[in-house]
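A.B. asks:
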Amino acid sequence: MFRSSHVAEPTMPTTLFFSQRNNAPGNHAARDPMRGTMLLFGLLLSSTIGLIAYRRRSLSRSGIAGAIVTGTTTFGMGGWPWGLSLVFFFVSSSILSHFRVRDKANIADDKFSKGSRRDFAQVAANGGVATLLALIYRLTPSHFLRRVCLMGYAGALATATADTWATELGVLSPHRPRLVTTGKVVAPGTSGGITPLGTAATAAGALAQGTVFWLLQRCRRSLAALPLIALVSGLAGSMVDSFLGATVQA
Numbered sequence: 001m002f003r004s005s006h007v008a009e010p011t012m013p014t015t016l017f018f019s020q021r022n023n024a025p026g027n028h029a030a031r032d033p034m035r036g037t038m039l040l041f042g043l044l045l046s047s048t049i050g051l052i053a054y055r056r057r058s059l060s061r062s063g064i065a066g067a068i069v070t071g072t073t074t075f076g077m078g079g080w081p082w083g084l085s086l087v088f089f090f091v092s093s094s095i096l097s098h099f100r101v102r103d104k105a106n107i108a109d110d111k112f113s114k115g116s117r118r119d120f121a122q123v124a125a126n127g128g129v130a131t132l133l134a135l136i137y138r139l140t141p142s143h144f145l146r147r148v149c150l151m152g153y154a155g156a157l158a159t160a161t162a163d164t165w166a167t168e169l170g171v172l173s174p175h176r177p178r179l180v181t182t183g184k185v186v187a188p189g190t191s192g193g194i195t196p197l198g199t200a201a202t203a204a205g206a207l208a209q210g211t212v213f214w215l216l217q218r219c220r221r222s223l224a225a226l227p228l229i230a231l232v233s234g235l236a237g238s239m240v241d242s243f244l245g246a247t248v249q250a
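Take the sequence shown: its letters are residues 1 to 250, numbered as in our numbering.
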C-alpha cells in the first residue's frame, strides 16, 4: 500500500519540468483557448468592415480578401490591441480617401480621378509587414523577439498610416509641392513631391497611430515609447518613399 502511494507521486524535478514546458510561450500560444475565439472575431469583423468598405467604394473585391487575411491574422495572433489599431488605420484611411474627393480629382486628375478602391496588392503593401510581425509575435518563444515585433508593428503600421494621410491630405495643400531631392516646384500628385500640409499629415498620422496602439496597451509605462517610435518611423518611411518617388519613379 505504501509502495503504491510512493510510485504514484511525481518527483519534484519531473513536476518542475512539465510545469515549465506547459508555461513556455510557444506552448501557451499554441494551446490558448482564446486564440480560436479571436481568430473567429477577427474574421467576422474584417469581413464586415471589408464589405462595408466595398459598398463605399473604398475596396475592390480582391481588396476585401486582403482585408480579411490581414484582419483575421492580426486579431488572432496579436489580440485586441493589435487588431483594433489595424481597424483605426483602415477606418481613418477610408474616411480621408473620401474627404474632398472632387477637389482632389480636380487638382491631381491622373492620381484621384480613377477612384480610391484599394486592391489586394495595396492592402498587402500597407498591412502585410504588420500582419507578418503579428504572426511572428504569437509563434516565437523568445520574449526579446516578441518585444521587437511589438515595436516593429507600431512602426510599420504608423508608416502606412502616415503615407496614406500624407497622400490624401497633402494634395490639398495651398502650396505647390517641391521635389524632396532638388526643391524644384512640381505639379500636385507628382511622385517625390512634398508640401507643408503633407508633412504635417505624415506626422499627425504616425503619432495618432502610435498613440492609439499605446492606449490599447493600457498605457503601460514599459511601452511609453510607442508613440515616439511610431512618429520617427512614419517620418522616416515617408521621406524614404518620397526620395524613391523622386529618383526611381521619376
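Where is the CB? At the ideal position from N, CA and C, for every residue including glycine. Owing to the predicted nature of the structure, the values given are computational and were not obtained by experimental measurement.
Is the number of C-beta pairs between the segment 73-90 and the segment 141-148 that are closer than 8 angstroms three or more?
C.D. replies: No, they do not touch.
A.B. asks: Within this structure, are the beta carbons of Thr-182 and Gly-234 separated by less than 9 angstroms?
C.D. replies: Position 182 of the sequence shown, counted from the start, is the residue given in the question as residue 182. Position 234 of the sequence shown, counted from the start, is the residue given in the question as residue 234. No, Cβ-Cβ distance for Thr-182 and Gly-234 is not below 9 angstroms.
A.B. asks: Is the distance from the Cβ of Val-123 to the Cβ of Gly-198 below 9 angstroms?
C.D. replies: For the purposes of this step, residue 123 is taken as the residue at position 123 of the sequence shown. For the purposes of this step, residue 198 is taken as the residue at position 198 of the sequence shown. For Val-123 and Gly-198, no; Cβs fall outside 9 angstroms.
A.B. asks: Within this structure, are the beta carbons of Leu-179 and Thr-164 separated by less than 9 angstroms?
C.D. replies: The residue you call residue 179 lines up with position 179 of the sequence shown. The residue you call residue 164 lines up with position 164 of the sequence shown. Going by C-beta atoms, Leu-179 is not nearer than 9 angstroms to Thr-164.
A.B. asks: Only counting the same chain, and skipping five residues up and downstream in sequence, which positions put a Cβ closer than 6 angstroms to that of Gly-71?
C.D. replies: Looking up residue 71 in the sequence shown gives position 71. Result list for Gly-71: Gly-42, Ser-46, in chain order.
A.B. asks: Which of the three DSSP states is assigned to Gly-79 in this structure?
C.D. replies: In the sequence shown, the residue the question calls residue 79 occupies position 79. Coil at Gly-79, not helix or strand.
A.B. asks: Could you have a look at Arg-3 and say whether DSSP puts it in helix, strand or coil?
C.D. replies: Numbered from its first residue, the sequence shown carries residue 3 at position 3. Per-residue confidence for Arg-3 stands at a pLDDT of 45, beneath the threshold of 50, marking its modelled position as unreliable; no derived number is given.
A.B. asks: Looking at the structure shown, is Ile-95 part of a helix, part of a strand, or coil, going by DSSP?
C.D. replies: As a working note, residue 95 is residue 95 in the sequence shown. Helix at Ile-95.
A.B. asks: What number of angstroms, rounded off, separates the C-alpha of Lys-184 from the C-alpha of Met-77?
C.D. replies: The residue given as residue 184 occupies position 184 in the sequence shown. The residue given as residue 77 occupies position 77 in the sequence shown. Distance between the alpha carbons of Lys-184 and Met-77 is about 45 angstroms.
A.B. asks: Taking all protein chains shown into account, decide if Leu-169 is buried (16 or more other Cβ within 10 angstroms of its Cβ) or exposed.
C.D. replies: Here the question's residue 169 lines up with position 169 in the sequence shown. Classification for Leu-169: buried.
A.B. asks: Classify Arg-61 as helix, strand or coil using the three-state DSSP reduction.
C.D. replies: Here residue 61 refers to the residue found at position 61 of the sequence shown. The answer is helix: DSSP assigns Arg-61 an H, G or I state.
A.B. asks: Measure how close the beta-carbons of Tyr-54 and Ile-64 come, nearest whole angstrom, since I'm counting them as under 8 angstroms.
C.D. replies: Numbered from its first residue, the sequence shown carries residue 54 at position 54. Numbered from its first residue, the sequence shown carries residue 64 at position 64. About 5 angstroms separates the two Cβ atoms, so the contact holds.
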